[in-house]
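Structure record follows, encoded as structure tokens.
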RNA sequence: GGCGAAUUGGUGAAGCGGCUUAACACAUCGCCCUCUCAAGGCGACAUUCACGGGUUCGAAUCCCGUAUUCGUCACCA
């Protein structure tokens, strides 16, 4: 009965930010650490003006591709549904609890219109104070208020906050936060359209759904004390709070899609693996106890520990993500890698080549999927290149030596009957000795001559093998002609 | 402006009073390996933990103040 229940409670506003995903990940890990733990998905759509079509789909898809499976949610149901706040609202859940709170003295009806509130706000902000609505309605008796409602007056329900004293709440990462009650605003709990505000719906749903661990961004840190007041009024158990510092774009700006920063789906489109993204995100603001840095989702479960979540914002570093992604790519078996990468190879290579060999050669060098096509463009079209490429100090190679090597290679290769990597290798590796040259003085020119590029995935032997005898000889001929001027 | 929080190298960070001449990783720079580029191997890279005081035999680690940054102050979440 003491199972951990954590939740991911996104608003369907469009895309999946990196910060949101990290919150979802941490909450998931916390639930999965407990063998009986449950991970709940709840859709928070109480703001009817911000609904975005298809946003829910993005949430389901992202969680699915990340492997963040949930045990209860709108799509699969569960014992404490419904899991969408707008449908919970229609069932009258929030209004029922709000009324209960009123009778417990933790809230009151308010009939002030927005102009009344605005007037106060102007005065207070002019004085440089934080806004705190001094609500005349709080002195109305419940009977009086109910009579006005019965008469058809529009109303909201606001939280009632004790005038004096302090309230605190305990956070797993920030410790105890204490604030003066006098600084707390009597915020709206139920809006005039009957919908609850985020702050209220959250408390009610977390309690009704038996949530034990609340993971969320630290932008909610200042409003958290008000939550405790509500929990206390009801006499409910307060869940564990885990507030996470923001994911930053730089020192002073939060990472946000609004500023054109990458979202999860953007990163996937750029050629990053979901697993690698999750791996990296886990490390943003959290650090493991060992020096291990590469984690699969499964490995993250035992390693994860709330105690090691940091307190200051972490800057999102795409370079580090790229490095981690490269490691993930290189760690794959060739078969898995090949099926993953085949579409990317086919974007660049249409000729009749052994794509799996190409995959093998590219696996050691690509850090992202999307950079693969341009690495392979020379297979289809032998590019025009300058003879300068043959000049390389380190290889002790120049145009003259290259020409000599190329001619020798051409002749030797022409004699190869069975064209495979071993034979090409043996043939080419026999040349340096014969020509009294270093390996690089022969193989380097050959690689340039058949690829036309300064840098290539794979060396001369691998490329020649993939290109095949006919194409290799053809390119060699072209390059020899070019060198002879 | 009030309130809350944070502050260790270019980046993520470890550290929680002596074992720290501040771990590890990315990035950067050397060297090695090598048919290029990568990958891999080796090495360099904070005399110093925002600043100023204090406590202590001893502080990045505890306390106070200053500065800076972030968050919040909505019938948005």
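Residue numbers (the numbering used here): 8 to 492.
For each residue, glycine too, the CB sits at the ideal point set by N, CA and C.
Item	Value
Nearest to residue 197 (by Cα), restricted to the options 277, 139, 100	100
As assigned by DSSP and simplified to three states, the class of residue 261	strand
Rounded distance between the beta-carbons of residue 449 and residue 418, thought under 8 Å	Going by Cβ atoms, the distance from residue 418 to residue 449 rounds to 13 Å, so no, they are not a contact pair.
Residue range of the alpha helix (DSSP H) that includes residue 151	149-157
Every unbroken alpha helix (DSSP H) inside the region 351-411 [4 residues or more]	362-370, 379-382, 384-387
Range of the contiguous beta strand (DSSP E) that encloses residue 117	114-117
Assumed close pair residue 288, residue 29 - CB separation to whole angstroms, cut-off 8 Å	5 Å
Whole-angstrom distance between residue 206 and residue 121, CA atom to CA atom	20 Å
Exposed unless 16 or more other CB atoms sit within 10 angstroms - verdict on residue 371	exposed
Local conformation of residue 214 per DSSP, three classes	helix
At least 3 beta-carbon pairs within less than 8 Å: the region 336-356 vs the region 320-327	no
Expected contact under 8 Å - CB spacing of residue 228 and residue 181 to nearest Å	7 Å
Where residue 385 falls, given that 16 or more other Cβ within 10 Å makes a residue buried	buried
Cβ shell of residue 139 (< 6 Å), same chain only, five flanking positions each side left out	192
According to DSSP, residues forming a beta bridge with residue 15	48
Touch test, the region 244-251 against the region 175-189, Cβ-Cβ under 8 Å, three pairs minimum	yes
Bridge-paired residues (DSSP) for residue 164	116, 197
Cβ shell of residue 421 (< 7 Å), same chain only, five flanking positions each side left out	480
First and last residue of the uninterrupted beta strand (DSSP E) at residue 250	247-251
Alpha helix (DSSP H) segment containing residue 469, residue limits	467-474
Residue 166 beta carbon less than 8 Å from that of residue 114	yes
Segment limits, alpha helix (DSSP H) that includes residue 222	From DSSP, residue 222 is part of no alpha helix (DSSP H) but of the beta strand (DSSP E) over 220-224.
contact_flag[the region 44-61, the region 290-302] where n(CB pairs < 8 Å) is 3 or more	no
Beta-carbon contacts of residue 363 that lie in its chain and below 8 Å, excluding the five residues immediately before and after	341, 345
Contact set for residue 63: own chain, Cβ-Cβ below 8 Å, skip 5 residues either direction	19, 50, 81
Buried versus exposed call for residue 326 [16 or more other C-beta atoms within 10 Å across all chains shown]	exposed
Collapsed DSSP secondary structure at residue 321 in the structure displayed	strand
Whole-Å CB distance - residue 313 paired with residue 37, under 8 Å assumed	7 Å
Under the three-state DSSP convention, the category residue 303 falls into	coil
Beta strand (DSSP E) runs contained entirely in the region 48-123, provided each spans 3 or more residues	114-117
Given residue 271 as reference, the closest of 223, 24, 211, 77 once Cα atoms are compared	24
Residue 268 to residue 334 span [Cα, whole Å]	24 Å
Boundaries (first-last residue) of the beta strand (DSSP E) holding residue 182	182-187
C-alpha distance - residue 457 paired with residue 365, whole-angstrom precision	15 Å
Identified DSSP bridge partners for residue 316	293
Nearest-angstrom Cα separation, counted from residue 44 out to residue 454	57 Å
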